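Working notes, structure below.
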């Protein structure tokens, strides 16, 4: 059962979501069932990059995690692409045995029984601006698969007013989930322009806009967080 | 029992620490037993600003919080100065009755029985660069006062290598506390220069330095977070 690996890097800090600031090693899988308009990791999504993805088994992935972490237990962040497409049971079982913790981020389009083995699961259904459709049944299957022992949170990317309205309605249906809103990076890096410079003023303006929306609407449950790695490392890969 | 109030403002987001990104109203008390070299809120610390601090009772503070929050329950962040110098029992009792949650930040130099009524307590003992001394006995009295029902975290500001070494040693003595490291703002606003412009490149360089230290030392428990409000609002007051 091999896992398609796009990249393994770190340790660095988690730049977004509920675990923002936590030291972590990222394991990015290759392959995705979505193709979001503003995707910032197309090199882990588009089939034309498939040749760059290495098939690795759980032991091989953990050997690399341990090499990077210096053999110390660390938070491993599973990202993609959509890591929910991969067979990760063995990675979670072996990794927990070595003391690692596991957080995963997925759009919630595919549930796996092993979600319940994760320490943290960030469900990040994609808003209208992505061009993708929300499938409630599949999303709820992900919630059910995570069960009570996995800390689940909802992270919604907001590019515009329509996304914001969508997020308000969606979040209201899941009051039990901690909620993070994240302004969409208006200038994501692409395989063609990996060094594209992000304008920090523009990112900050998007963040201020979102804070103003949330406070004006008295939506005090909604935590607003930027992508810290974009602010501090400017879209660079591998950090 | 009146509370010395420097300012009440919001709602905005919490810019730092474990609750980073949470919508909140800030209640800043006036008066402090410390005088840190890099203090960014001298207007709530130095006795020469005492005439600006209003004595308010708990009902008056809550009336202002409710006006700002539109009457909705919200996270109230008690900051200073050192809010631990104030009589806050009644504020916490009445505020909880209205559905508000309370987070407080203090250096841990003075314990109060009402710490156990807080929802979140951030203890932020000051590092050597502040010019202040750490008093372990008082710090542990704060921990004891908080008890088991208050979520306590440790937030340590790091200006230089000496601060970093101090933080490593201190945090090791309290492995049970969630830990946040925060790079010191090298150019805090002052009453004389409230509009002082912070150089985002310099702030980012301090953050990158701290991430590199933590990961090189495999200190994976240490969450590294910036002061988001400084990055996005540039030291401005009242946001």
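Residue numbers (my numbering), protein chains in the order written: chain A, 1 to 239; chain B, 1001 to 1239.
Note that CB positions come from ideal geometry on N, CA and C, so glycine has one too.
Treat the numbers as computed from the prediction; the structure is a model and nothing was measured.
The DSSP-derived three-state label of residue 1045(B) is coil.
By a beta-carbon distance limit of 8 Å, residue 1158(B) does not contact residue 1203(B). Their separation comes to about 13 Å.
Its chain contains 1045 as the residues whose beta carbon lies nearer than 7 Å to that of residue 1035(B), once the 5 sequence neighbours on both sides are disregarded; these appear in chain order. For the pair residue 1004(B) and residue 1055(B), the CB atoms are nearer than the 8 Å cut-off.
Going by beta carbons, residue 1186(B) and residue 1206(B) fall inside the 8 Å limit. With contacts defined as CB atoms closer than 8 Å, residue 82(A) and residue 33(A) qualify as a contacting pair. With fewer than 16 other Cβ atoms inside 10 Å of its own Cβ, residue 169(A) counts as exposed.
Chain-order list of chain B residues neighbouring residue 200(A): 1200, by C-beta distance under 7 Å.
Residue burial is scored here from C-beta neighbours: residue 1183(B) has at least 16 other C-beta atoms within 10 angstroms and is therefore classed as buried.
The Cβ atoms of residue 224(A) and residue 1013(B) sit closer than 8 Å to each other. For residue 55(A), the beta-bridge partners assigned by DSSP are 4(A). Around residue 1204(B), the beta-carbon contacts reaching into chain A at under 8 Å are 231, 232. Not a single C-beta of chain A is nearer than 8 Å to the C-beta of residue 1122(B). Chain-ordered, the chain A residues with CB closer than 7 Å to the CB of residue 1207(B) read 232. For residue 154(A), the three-state secondary structure derived from DSSP is strand. Cβ-Cβ distances below 6 Å link residue 1147(B) to 1116 in the same chain, with the five nearest sequence neighbours on each side left out; the list follows chain order. The Cβ atoms of residue 78(A) and residue 104(A) sit closer than 8 Å to each other. Secondary structure note for residue 138(A): its alpha helix (DSSP H) is the uninterrupted segment 136 to 146.
Within the region 58 to 102 of chain A, the complete beta strand (DSSP E) segments at least 3 residues long are 75 to 79, listed from N- to C-terminus. Think of a sphere of 9 Å around the beta carbon of residue 1074(B): the chain A residues whose beta carbon falls inside it are 218, 220, in chain order.
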